[in-house]
Structures are given as structure tokens and as C-alpha cells.
Amino acid sequence: MRNIKFRAWDRFAKEMVFAKTIDFGTNGAECIVDSDGINGDVGGEWYLEQYTGLHDKNGKEIYEGDIVKLHVVILSPDDKVGFIEYRPEYGYCINFGKSIARQEYWAANDKHTIEVIGNIHENPELLEKTGVE
Numbered sequence: 010m011r012n013i014k015f016r017a018w019d020r021f022a023k024e025m026v027f028a029k030t031i032d033f034g035t036n037g038a039e040c041i042v043d044s045d046g047i048n049g050d051v052g053g054e055w056y057l058e059q060y061t062g063l064h065d066k067n068g069k070e071i072y073e074g075d076i077v078k079l080h081v082v083i084l085s086p087d088d089k090v091g092f093i094e095y096r097p098e099y100g101y102c103i104n105f106g107k108s109i110a111r112q113e114y115w116a117a118n119d120k121h122t123i124e125v126i127g128n129i130h131e132n133p134e135l136l137e138k139t140g141v142e
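Per our numbering, numbering of the sequence shown is gapless, rising by one per residue and ending at 142.
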């Protein structure tokens, strides 16, 4: 069984916080308490991102919103850069802008390596180079 963990981007403090508890209401997640006991509103103040249960080639946990570099060993001299997002029909995907890579493609294949190189909040410039928005 995988660990269920969340982090949140604090859009006012411009920093990532890790959720200690999440309060749910009738519309889903409403409030997060971080490890320092600070409360934040989901959607307004903090953007909630879930841990995928996977690690990159360096052992770093992969979360929604992470910018990753995908290296395909065969037939691909260039690394591709995209960001992790969840799609109900496919699960966690890497969004490359005009295309996506489904989780079963990049997470379960030994001919690929994936590396977290940033996140969409702190490092949006990493996506500008690739045309992903």
C-alpha cells in the first residue's frame, strides 16, 4: 500500500508546505494544517498537491505539480520536460503540452528514467523553454 501524503503551495508566502492534517467539507478539501500548526485555505491560499507514491532516479518523492525530465534510453536522444498532473482517466501523467505520457508508460518501464528538476510554482521557467503552460 502506498503512503498518502500531500503538500501545498502557499501562494502568499511563496513556499511549499507539507500537510499534517486536511479538513474536508461537503465540497472536498477545505483547510490544511501544516507541520508548524499553520492553517491555510485550499484553493484560495494554498494549492493542494498529492504524492504519487513514486520516486525519481535520485530517490526523491514525486508530487503533482513537479517538473520532471524524462529520459528514454531507446530512440530518443533528447530528454523531454513536462509536469506531473492527475487525470481521472489515466492516473498520474507527465504533461508535455501537446502530448502526455501516461503513468504506465513512464513509471513501470526500465528503459526510462525520470528526474524531478523543480515544480510549477517555483520554477515555471523550466516549462517555458518547452512550450508547456
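No residue lacks a Cβ here, since even glycine has one placed at the ideal position from N, Cα and C.
query = Going by alpha carbons, who is nearest to Tyr95 out of Glu73, Phe21, Gly106, His80?
reply = Ranked by how close their Cα comes to the Cα of Tyr95, the residues Glu73, Phe21, Gly106, His80 have Glu73 in first place.
query = Based on the DSSP output, what are the partners of Ile31 in its beta bridges?
reply = Paired residues: Ile41.
query = When we look at the beta-carbon of Thr30 and count the other beta-carbons within 10 Å, is it buried (16 or more) or exposed?
reply = Per the 10 Å Cβ criterion, exposed.
key: Selection from Lys23, Glu124, Asp19, Phe105 that minimises the alpha carbon distance to Cys40   = Minimum Cα-Cα distance from Cys40 among the listed residues Lys23, Glu124, Asp19, Phe105 corresponds to Asp19.
key: Limits of the alpha helix (DSSP H) - the one that Tyr114 falls within   = Where Tyr114 is concerned, the enclosing alpha helix (DSSP H) stretches over 112 to 115.
query = In chain order, what residues of the same chain lie with their CB nearer than 6 Å to the CB of Gly100, ignoring the 5 residues before and after it?
reply = The residues are Gln112.
ask   = Going by Cα to Cα distance, which pick from Lys66, Ile126, Asn132, Val90 is closest to Ala116?
value = Closest option to Ala116, Cα to Cα, is Lys66.
task = Tell me where the alpha helix (DSSP H) around Glu134 begins and ends.
result = Start and end: 134 to 137.
request  = Hey, could you find the ends of the beta strand (DSSP E) Asn104 is sitting in?
outcome  = Note, Asn104: beta strand (DSSP E), 100 to 104.
ask   = In angstroms, rounded to a whole number, what distance separates the CA positions of His121 and Met25?
value = Taking the straight line joining both Cα atoms gives about 28 Å.
ask   = Hey, would you say Glu124 sits closer than 7 Å to Lys78, going by beta carbons?
value = Note that the C-beta distance between Glu124 and Lys78 is below 7 Å.
query = Taking just the CA atoms, how far does Val81 sit from Asp87?
reply = The alpha-carbon atoms of Asp87 and Val81 are separated by roughly 8 Å.
task = Take the Cβ of Ala17 as the centre, count every other Cβ of all protein chains shown within 10 Å, and call the residue buried at 16 or more, exposed below.
result = Around the beta carbon of Ala17, 16 or more other beta carbons lie within 10 angstroms, which makes this residue buried.
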